[in-house]
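Trainee: Going by the working numbering, the sequence shown opens with residue 49, and the numbers climb by one from there. We treat Cβ as the ideally placed atom computed from N, Cα and C, and that holds for glycine.
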Amino acid sequence: MYTSKAACVRCASRIPIAVGRTSIATYSTAKDAGSTPAKPKRHRSINKGDYVSKRYDTYGGKGKSSDPFVQIFRDVVSLRKHIKLDNTTSKNPSKAEPKDDKGKPDNTLPQWKKEAMGKVLEDPSSFRIDDGRFAYRYKQPHPEIMDEQARMFEANMHDWSLEDALTRLKASELKFPDKVNLLERLWPRVRDLPRHPRPQIFNEVEALLMQLFHMQGAYFRQHCTIRLSKMMELVEYGHPRIKLRASAVLNLGKLLLRGKASSLEQFERMIELVDLWKHISQLGKPEQDELSWALPSVFDATDAMLYGNRGRDCKRDGLVAASTAMVCMFPHLPISHARHLQSSLILTITMLMDPELTHSSVKKEASPLLHLAASVFSETRPPNKDLVEKLWDDEEAAFDGVVHDFSRPYVIENWDKTWKALQNELDSIARAAEQAAKTKKATVHTPLSTLHRQLRQAHRARNVGAALQVFDSLQQQASKDVSMRNQLQDEPDLLNYVVFVWGALRRPSEMQQTLALMQKLRIRPTIKTYTAMMHGWKMSKDYRRSEALWNQIRASGMPLDLHIWTARVSTLLEMGRPEQGMQELVGMVNLWKTQAPNAVEPDIEVVNAVFKTLIVLDRKAAQDLLAWASREGMQPSIVTYNILLTESFRSHPEAVPSILKNMHAAAVEPDSATFTIILEAVLGALTESTGEEQVQAVDQIFADIESAGLRPNQETLAKILYSICTLPNGSEAAIQRVLAKVSASGYVITPHMITILIERAMSRDPPDIVAVEDILRRYEIRTVSDGDQVLWERVMSAYAVSRDWAAALRIFNELDAAGRTATSLSCLTDLLTALVDGEERRLDEAKEMVSAVLRSKGDFDQRGRYWKHHFWFRAKALGLVDRELAPGELVEEDDFSRRDWADVGGAKGV
């Protein structure tokens, strides 16, 4: 018998193994307290009405929580008012609300969806959806597990190790929906695993996901394929399996072509198809937090298409043209894999242009893909019926023949009609795609990655005001946006980082608000949360709270991980207690020996935390520590060697060669930090050296690296080049020696290296624009398609500083036409100065330049500091800012007549 679980399935999936049933029982109702198994309740959506308000301290409640995880937070942070878990449901539900299959009010669907479902039940053929409502997205709750065997599996899996649970789940004969549901409950444990080095358990995860991908062809569950694909991304390490996603598209097309579903189901399957292509366009782009199109511009794709066709007649070879088109449409995917999307894309276009299958709102949503495909294919040989048949034959061996054969007759029969319809509707599709791009730019939603970056910048600058602004934005978006709440629930690392920041900045009241937000979102604090809290308090030297939290954690019996042990040991060292830090380290090893596998296995990472402090205090004791760690099976890592190199350069430089040789003998690969340490130590002493001494130093660096059996990469060579170029007396001979080494190592001169050379030429007095032009000719940099954005912005700035405003403006316009408008404010300031300072003030050209920059900046709310740069102050004073394009804070009325523009880089008196 087992304790029934009436907790939210999302929360239950986060409950650690050691307290699995105890914590579940804490959230169980009195009615379910018996021994009779009960079905888990459906996860209730969090709506705006019952969402937490801005003042989180309004939640009352006295006394201690019976949940030790929550109580640790409350006791240590010393909340004035405890926060109760809100398990209530919406009050006074409307009598007219539809019921679910249990006869209870269905609170998971939006009102328009409820009405549509009612109409379909009465008359499926009458179902229609207005175009404007298609953009709405909602997150389905996890369906209940109905199979008895699956319910028993769920009841027992929290007692198994993660690897055992995954193996059993793969070997089970459960149905596909139940397997997916159970994997989603296990996923938080998989996601929390360290990613480097790649855990062995990821092989089990990968095998299970592959099995589910092959099973999903016979089922349809909204966003299930996308969810599985996102899970697969975790174990692919940047090498996505494109054939899996292409097969998913074909399988979904097979379900659509069967035509056995209701109008509503067909509509949702078409939504799923479009969303699946959005997801494919985002593969390998971690900055994409929400589902949206991430396709290249039509200009870039068609330009790449023409470039890719040089030297081959794609007008004759349609298969080559089709493969090239896939690479141009999805440039972020490996070239050898992108071609697997050919037949999937052809099938998708055919179904999207079929009025019997696709509603106009779906076609509008897919307009960016349709517009891009039509434009790219039009640049070469447009695919006709014969070419499509060849594509199917070319890919038949790569996919399931049954699925391929099912869609083949439909595509071949309809393709010519599809292509003609696509050409006829191209103008309206292009307008819809342009509108979609504008809507995406104008959205106020800030991705989690952007919020994370802004918060990180605020913390590094110790800017409390900026951190508060980011947190306030996070709270507002979470209170209004369902997708944001879903993202926070699926990816709680941002909130863990918020906890760290408030600890580091000594803001206990904001930490209290963060805890309240986590509680309201049903995000269970994990060991990662407590580690972040300890690390934050260590940064602010709040050792009292850190000590109290550690004692609470140990007393609760919570399973520990390597990171919190490291945080504990490093905190003791920061407190000036290295002896106690050593004792904790030894205690951790002894605990592993006596209680494995329930205890955490020691790792060199914890040893490094002690070693870094000890080597400064007592070098011999630090060496003894490493010897002890080796006897215990913890071999030095690259971090260990980097610590040793740093200290050796400072106090024992004669030991550096032997350290490098030992590193090579131990087969420890250097990282970028290793070479940075060497470069800073050797080149830092060359400030007043002669050219010959600089050449000798460069040769010595390469000799030391090669004698240790190491090979410098492009990043290392660029760092050496930068170090020489930025010396006050940097030698041309030393620079040429580095460039020769780049070529000898089999590398090419990168745009980054060329930019370094250009900046060196411009640092001369006066700036040498002739040298800049020589560099561009030498490395065959002719148009903006050659080189990267930073390089051309620096070239533009170089011409502007040299008072060649025409050449600078030409580069700006070429970048703007390519969809790569210059945004570097320092470079834009140089261009603005060149246009408006002088005998002929070219205000019209300057105004158009400023407007182009404004048009390229759609999301104004994300970059408040961007608009405070003196470039914008001067542009406004000159009347160059178009109010219709500018953000609100830039068009606020100011008294510019009092501003001394000499202080902000402009001419006084403007």
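Roughly how many angstroms separate the alpha carbons of aspartate 590 and leucine 639, rounded to a whole number?
Mentor: What you label residue 590 is simply residue 542 of the sequence shown in a count that begins at 1. What you label residue 639 is simply residue 591 of the sequence shown in a count that begins at 1. Rounded to whole angstroms, aspartate 590 to leucine 639 spans 28 Å at the Cα level.
Trainee: Under a three-way DSSP split, which group does lysine 227 fall into?
Mentor: The residue given as residue 227 occupies position 179 in the sequence shown. Looking at lysine 227 - three-state DSSP - the assignment turns out to be helix.
Trainee: Considering only residues of the region 561 to 596, which uninterrupted alpha helix (DSSP H) runs meet the minimum length of 4 residues and lie entirely inside it, listed in chain order?
Mentor: 575 to 587
Trainee: Does the separation of the CB atoms of valine 518 and leucine 499 fall below 8 Å?
Mentor: Counting from one through the sequence shown, the residue named residue 518 turns up at place 470. Counting from one through the sequence shown, the residue named residue 499 turns up at place 451. With respect to leucine 499, valine 518 sits close: the two C-beta atoms are nearer than 8 Å.
Trainee: Can you list, in chain order, the residues of its chain whose CB lies under 6 Å from that of asparagine 861, leaving out five sequence neighbours each side?
Mentor: Taking the sequence shown and counting its residues from 1, one reaches residue 861 at position 813. Nothing meets the Cβ criterion.
Trainee: For glycine 835, count neighbouring Cβ atoms within 10 angstroms of its own Cβ and tell me buried if that reaches 16, exposed if not.
Mentor: What you label residue 835 is simply residue 787 of the sequence shown in a count that begins at 1. Glycine 835 should be labelled buried.
Trainee: If we call anything under 8 Å between Cβ atoms a contact, is methionine 377 one with valine 424?
Mentor: On the sequence shown, residue 377 is found 329 positions in, with the first residue counted as 1. On the sequence shown, residue 424 is found 376 positions in, with the first residue counted as 1. For methionine 377 and valine 424, yes; Cβs fall inside 8 Å.
Trainee: Distance, Cα to Cα, histidine 380 vs leucine 662?
Mentor: Numbered from 1 along the sequence shown, position 332 holds the residue referred to as residue 380. Numbered from 1 along the sequence shown, position 614 holds the residue referred to as residue 662. The alpha-carbon atoms of histidine 380 and leucine 662 are separated by roughly 46 Å.
Trainee: Could you check if tryptophan 585 is buried or exposed, using at least 16 other CB atoms within 10 Å of its CB as the buried criterion?
Mentor: Here the question's residue 585 lines up with position 537 in the sequence shown. Burial state of tryptophan 585 is buried, judged by a 10 Å Cβ sphere holding 16 or more other Cβ atoms.
Trainee: Using DSSP with H/G/I as helix, E/B as strand and the rest coil, what is arginine 62?
Mentor: Translated into the one-based positions of the sequence shown, residue 62 becomes position 14. Only weak support is given to the placement of arginine 62: the predicted model assigns it a pLDDT of 37, under 50, and the value that follows is read from those uncertain coordinates. Coil, per DSSP.
Trainee: Among residues of its own chain, excluding the 5 on either side of arginine 868, which ones have a beta-carbon nearer than 6 Å to its beta-carbon?
Mentor: Within the sequence shown, numbered from 1, the residue matching residue 868 stands at position 820. Same-chain partners within the cutoff: Gln837.
Trainee: Using CA coordinates, which residue listed in Phe250, Thr273 and Ser531 is at the minimum distance from valine 228?
Mentor: Within the sequence shown, the letter at position 180 stands for residue 228. It is Thr273.
Trainee: Please return the same chain residues whose Cβ sits closer than 6 Å to the Cβ of methionine 636, not counting the five positions on each side in sequence.
Mentor: Residue 636 sits at position 588 when you count from the first residue of the sequence shown. Shown here for methionine 636: same chain residues with a beta carbon closer than 6 Å to its own, the five before and five after excluded, namely Trp613 and Pro650 in chain order.
Trainee: Have a look at alanine 894 and leucine 880 and give me their C-alpha separation to the nearest angstrom.
Mentor: Counting from one through the sequence shown, the residue named residue 894 turns up at place 846. Counting from one through the sequence shown, the residue named residue 880 turns up at place 832. Between alanine 894 and leucine 880, the C-alpha separation is close to 6 Å.
Trainee: For asparagine 478, which option in His611, Ser678, Val346 and Gln560 has the closest C-alpha, if you only look at C-alpha atoms?
Mentor: The sequence position of residue 478 within the sequence shown is 430, counting from 1. Position check: residue 478 holds alanine in this sequence, whereas asparagine was assumed. Measuring from the Cα of alanine 478, the nearest candidate turns out to be Val346.
Trainee: Determine, using beta carbons only, whether arginine 785 and valine 832 come nearer to each other than 8 Å.
Mentor: Along the sequence shown, read from residue 1 onward, the residue named residue 785 stands at position 737. Along the sequence shown, read from residue 1 onward, the residue named residue 832 stands at position 784. It is not a contact, given that the beta carbons lie outside the stated cut-off.
Trainee: Let me know the secondary structure DSSP gives phenylalanine 378 once reduced to three states.
Mentor: Here residue 378 corresponds to residue number 330 of the sequence shown, with the count starting at 1. In the structure shown, phenylalanine 378 sits in coil (DSSP, three-state: anything other than H, G, I, E or B).
Trainee: At which residues does the alpha helix (DSSP H) containing alanine 781 begin and terminate?
Mentor: In the sequence shown, the residue the question calls residue 781 occupies position 733. From DSSP, the alpha helix (DSSP H) with alanine 781 extends over 780 to 792.
Trainee: Do the region 664 to 679 and the region 608 to 622 touch if we need at least three Cβ pairs shorter than 8 Å?
Mentor: Proximity of the region 664 to 679 to the region 608 to 622 falls short of the contact definition, fewer than three beta-carbon pairs being nearer than 8 Å.
Trainee: To the nearest angstrom, how far is the alpha carbon of tryptophan 467 from that of alanine 421?
Mentor: Residue 467 sits at position 419 when you count from the first residue of the sequence shown. Residue 421 sits at position 373 when you count from the first residue of the sequence shown. One C-alpha to the other measures close to 11 Å.
Trainee: Going straight from the alpha carbon of histidine 327 to that of alanine 900, what length do you get?
Mentor: Within the sequence shown, numbered from 1, the residue matching residue 327 stands at position 279. Within the sequence shown, numbered from 1, the residue matching residue 900 stands at position 852. Spanning the two alpha carbons is a distance of roughly 30 Å.
Trainee: Using only the alpha-carbon positions, how far apart do serine 696 and serine 706 sit?
Mentor: Locating residue 696 in the sequence shown gives position 648, where the first residue counts as 1. Locating residue 706 in the sequence shown gives position 658, where the first residue counts as 1. Each residue's alpha carbon lies about 11 Å from the other.
Trainee: Hey, serine 771 and leucine 731: beta-carbon distance below 8 Å or not?
Mentor: Your numbering for residue 771 matches position 723 in the sequence shown. Your numbering for residue 731 matches position 683 in the sequence shown. Closer than 8 Å, so yes.
Trainee: Which one of Asp226, Gln600, Gly778 and Val654 has the shortest CA to CA distance from tryptophan 263?
Mentor: Sequence index remark: in the sequence shown, residue 263 carries index 215 (1-based). Contrary to the premise, residue 263 reads as methionine rather than tryptophan in this sequence. It is Asp226.
Trainee: Using a threshold of 8 Å, state whether the C-beta atoms of histidine 419 and alanine 481 are closer than that.
Mentor: Numbered from 1 along the sequence shown, position 371 holds the residue referred to as residue 419. Numbered from 1 along the sequence shown, position 433 holds the residue referred to as residue 481. Alanine 481 sits close to histidine 419, with the two beta carbons spaced by under 8 Å.
Trainee: Looking at alanine 469: is its Cβ nearer than 8 Å to the Cβ of methionine 401?
Mentor: Numbered from 1 along the sequence shown, position 421 holds the residue referred to as residue 469. Numbered from 1 along the sequence shown, position 353 holds the residue referred to as residue 401. Yes, these two residues count as a Cβ contact at 8 Å.
Trainee: From histidine 918 to glutamate 404, what distance separates their C-alpha atoms?
Mentor: Counted from its first residue, the sequence shown places residue 918 at position 870. Counted from its first residue, the sequence shown places residue 404 at position 356. Computed Cα separation, rounded: 56 Å.
Trainee: The alpha helix (DSSP H) with methionine 205 in it runs from where to where?
Mentor: For the purposes of this step, residue 205 is identified with residue 157 of the sequence shown, where counting begins at 1. Where methionine 205 is concerned, the enclosing alpha helix (DSSP H) stretches over 196 to 205.
Trainee: Between which two residues does the alpha helix (DSSP H) carrying glutamine 525 extend?
Mentor: Indexing the sequence shown from 1 puts residue 525 at position 477. Residues 512 to 528.
Trainee: Mind checking whether tryptophan 853 and leucine 824 have CB atoms under 8 Å apart?
Mentor: Walking along the sequence shown from the start, residue 853 turns up at place 805. Walking along the sequence shown from the start, residue 824 turns up at place 776. Their beta carbons are not under 8 Å apart, which means tryptophan 853 does not touch leucine 824 by this criterion.
Trainee: CB leucine 257 to CB methionine 279, shorter than 8 Å?
Mentor: The residue labelled residue 257 in the question sits at position 209 within the sequence shown. The residue labelled residue 279 in the question sits at position 231 within the sequence shown. Yes; because the gap between Cβ atoms is below 8 Å, this pair is in contact.
Trainee: Does the distance from the C-beta atom of alanine 198 to that of leucine 234 stay below 8 Å?
Mentor: Walking along the sequence shown from the start, residue 198 turns up at place 150. Walking along the sequence shown from the start, residue 234 turns up at place 186. Taking 8 Å as the Cβ cut-off, alanine 198 and leucine 234 do not qualify as a contacting pair.
Trainee: Going by beta-carbon coordinates alone, are tyrosine 689 and valine 648 separated by less than 8 Å?
Mentor: Numbered from its first residue, the sequence shown carries residue 689 at position 641. Numbered from its first residue, the sequence shown carries residue 648 at position 600. Their beta carbons are not under 8 Å apart, which means tyrosine 689 does not touch valine 648 by this criterion.
Trainee: Cβ atoms of leucine 324 and valine 297: under 8 Å apart, would you say?
Mentor: To locate residue 297, count along the sequence shown from 1; it is residue 249. To locate residue 324, count along the sequence shown from 1; it is residue 276. By the CB criterion at 8 Å, valine 297 and leucine 324 fall inside the cutoff.
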